[in-house]
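Below: the structure, in structure tokens.
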Amino acid sequence: MPALLRDLIDDLTAGLARVAMRVFFRDVEVVGRDRLPRGVPLLVIANHVNNLIDPMVIMAFIGRRPRFLAKSTLWRHPVVAPLLVMSGAVPVYRHSDGEPVARNFETFARCREMLAGGATVALFPEGTSHNEPGPTPLKTGAARIALETEARHGRLGLRIVPVGLVYEDKKRFRSRVLVQVGDPIDPGPEQARYAGEPRPAVRALTARIASALEAVTAPFASWEEARLIDRAVDLAIDGDPHALPLSRRWALWRAFVGHHALLARTDPPRALRLATALRAYDEARRALGVSERELALPPPAARALRVRAALEWAAILPGALLNWLPYRLPGWIADRLTRTPDEPATYMVLASLLLFPAWWAMEAAIAARLGGPVAAVALLVLAPLSGYIALCVHDRRRFRPRPATDLAERAALSAARAALSAQIRDVVTAGP
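First residue of the sequence shown? That's 8 in the working numbering, and the numbers climb one at a time after it.
Here is the structure:
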């Protein structure tokens with residue numbers, strides 16, 4: 008393929024991914040992009056917790072044009088296959104898929120060729136997408152590709168770059184994602200061993216990659232710990248938890264994991280009481296159907312709340328009318344196709360990429376028939392624009408009108424929240 012055409016397709020693919028991710032997530036925060044070395048081949052490795060959303064986020068926001076390794080069975084998917092071809096992805100053959108794994112010799116050779124040419128190759132060393140709160144044990148493929156590339160093509164200066172993908176709620180539309188680029192890994196020490204002791208060198212480099220990936224991903228050992236620590240962070244901060252940058256929340260997660268571990272060692276009964284109180288509070292909050300944001304901020308006066316709600320609905324209504332069906336259908340499709348917790352976002356995004364353009368085209372055709380080409384063009388501008396405005400307004404909504412009985416229960420829950428918040432701050436002040 009001519010280089011100019013390849014560049015054009017890369018720009019188109021990255022642009023499509025960027026638009027899709029900006030719509031699906033209300034905020035994408037990228038930290039450490041300046042750590043990506045320039046002028047050398049890069050092997051980007053990332054955790055894999057959100058199926059096809061993971062490569063789309065990396066493609067859209069790290070500022071490079073990576074060639075991804077992807078399982079070969081994806082080339083059979085009628086919607087995914089064209090995207091893989093456009094992105095220049097390389098198939099990986101897995102025994103668990105019933106594929107001839109001997110063909111991976113071709114895959115690895117292709118990776119070495121691309122890296123030797125100065126390209127960026129990206130892969131997920133965990134081997135498959137999963138639903139664990141932290142990284143799972145890594146395969147050795149990344150280390151073998153890096154070491155063998157340097158061995159066969161001389162010292163290219165190749166660097167391995169860890170990228171952590173941290174999702175606020177990976178299944179939820181308009182949640183947030185944090186992309187963290189870690190410090191590059193120089194495989195030089197293992198390269199020196201590789202010629203004489205290839206297996207120990209591969210194991211050692213894989214261990215370094217695992218450590219680097221753990222440093223940029225979520226720090227939780229279980230989903231129960233993740234839920235409790237996240238709630239503790241909400242209670243410990245001042246102001247709107249909704250506005251706390253995800254990078255700051257991630258840093259607090261790591262700090263609070265240390266605080267909790269210290270408390271569990273030094274005062275187990277207190278740690279148990281605090282965890283029990285957090286669970287009880289969270290269950291009460293969910294039962295009442297209120298968000299941490301509503302409890303953390305003082306509610307506006309009833310009249311102001313009604314006026315704000317009316318203005319919000321006025322801003323949301325045009326976008327809702329023009330986009331309701333393609334907005335609702337992706338969730339319905341995802342609910343029926345999803346088999347594992349890492350799949351819903353992928354189905355929603357793929358369905359949206361097909362449904363929204365088709366819906367807008369149909370609306371434009373109707374507008375053209377009724378009002379001519381000017382009406383069609385106006386609708387093609389108004390439909391996506393009004394839809395995006397509706398999303399942004401919805402994201403900023405803080406409160407909704409509630410019955411008086413709910414307000415009384417909310418006041419009691421707010422008091423319990425304040426007491427629990429004081430306990431958590433005492434723990435934070437004490438250490439570790």
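Even glycine gets a Cβ: it sits at the ideal position worked out from N, Cα and C.
Taking a contact to require three or more Cβ pairs closer than 8 angstroms, the stretch 79-86 and the stretch 129-146 do not qualify as touching. For P205, the CB contacts under 8 angstroms within the same chain, skipping 5 residues up- and downstream, are L154 in chain order.
Non-local beta-carbon contacts of A383 in its own chain, meaning distances under 8 angstroms to residues more than five positions away in sequence, involve A371, A372, A374, A375 in chain order.
In the DSSP assignment, P364 falls outside any beta strand (DSSP E) and within the unbroken alpha helix (DSSP H) covering 351-378. In this structure, DSSP gives L163 a state outside helix and strand, which the three-state scheme calls coil.
Approximately 21 angstroms separates the beta-carbon atoms of T156 and S94; this is outside 8 angstroms, ruling out the contact.
In this structure, the CA atom of R162 is about 27 angstroms from the CA atom of E133.
Leaving aside the five residues that flank A27 on each side, the residues in its chain whose CB is nearer than 6 angstroms to its CB run, in chain order, V356.
Boundaries of the beta strand (DSSP E) around P98: 97-99.
Between the alpha carbons of A208 and P194 lies a gap of roughly 9 angstroms.
L49 is positioned such that its CB atom lies closer than 8 angstroms to that of R71. Contact annotation, V35 with R74: C-beta distance approximately 22 angstroms; criterion of less than 8 angstroms not satisfied. Look at G338 here: in three-state DSSP terms it is helix. In this structure, DSSP gives I244 a state outside helix and strand, which the three-state scheme calls coil. With a contact defined as Cβ atoms closer than 8 angstroms, A217 and L145 qualify at about 5 angstroms. Looking from the CA of G296, the closest CA among A233, E416, F131, V264 belongs to E416. Here R181 has F31, F32, R33, L398, H401, D402 as same chain residues with Cβ atoms under 8 angstroms from its own Cβ, once five neighbours each way along the sequence are excluded. The beta carbon of C118 is closer than 6 angstroms to those of V128, I152 in its chain, skipping five residues each way along the sequence.
Under the 10 Å beta carbon count, R424 is surrounded by 16 or more other beta carbons and is classified as buried.
Per DSSP, reduced to three states, the secondary structure at R343 is helical. In the DSSP assignment, V170 is bridged to A53, V188. Beta bridge pairing from DSSP links T127 with L49. Secondary structure of A202 (DSSP, three-state): coil. Annotation for R166: P44, V47, L49, P191, I192, D193 place their beta carbon closer than 7 angstroms to its own, counting only its chain and skipping 5 residues before and after. Here D245 is exposed. Its C-beta has fewer than 16 other C-beta atoms within 10 Å. One alpha carbon belongs to L389, the other to G379, and they sit about 16 angstroms apart.
Take the alpha-carbon of D342 and the one of L362: they are about 16 angstroms apart. Under the three-state reduction of DSSP output, E301 falls in the helix class.
As summarised for the stretch 81-121, the continuous alpha helix (DSSP H) elements at least 4 residues long and confined to that stretch are 87-94, given in chain order. Rounded to whole angstroms, the separation of the alpha carbons of I52 and R215 is 12 angstroms.
Put simply, the backbone Cα of H102 is about 14 angstroms away from that of A77. Cβ atoms of V223 and G171 come within 8 angstroms of each other, at about 3 angstroms.
Counting only the Cα atoms, V381 lies some 43 angstroms from V38.
Within the same chain, and ignoring the five residues on either side of S254 in sequence, the residues whose Cβ sits closer than 7 angstroms to its Cβ are E36, V38, L185. Contact between A239 and L285 holds: CB atoms are separated by about 6 angstroms, below the 8 angstroms threshold. Boundaries for D34: no alpha helix (DSSP H) harbours it, while the beta strand (DSSP E) harbouring it runs 34-38, taken from the DSSP string.
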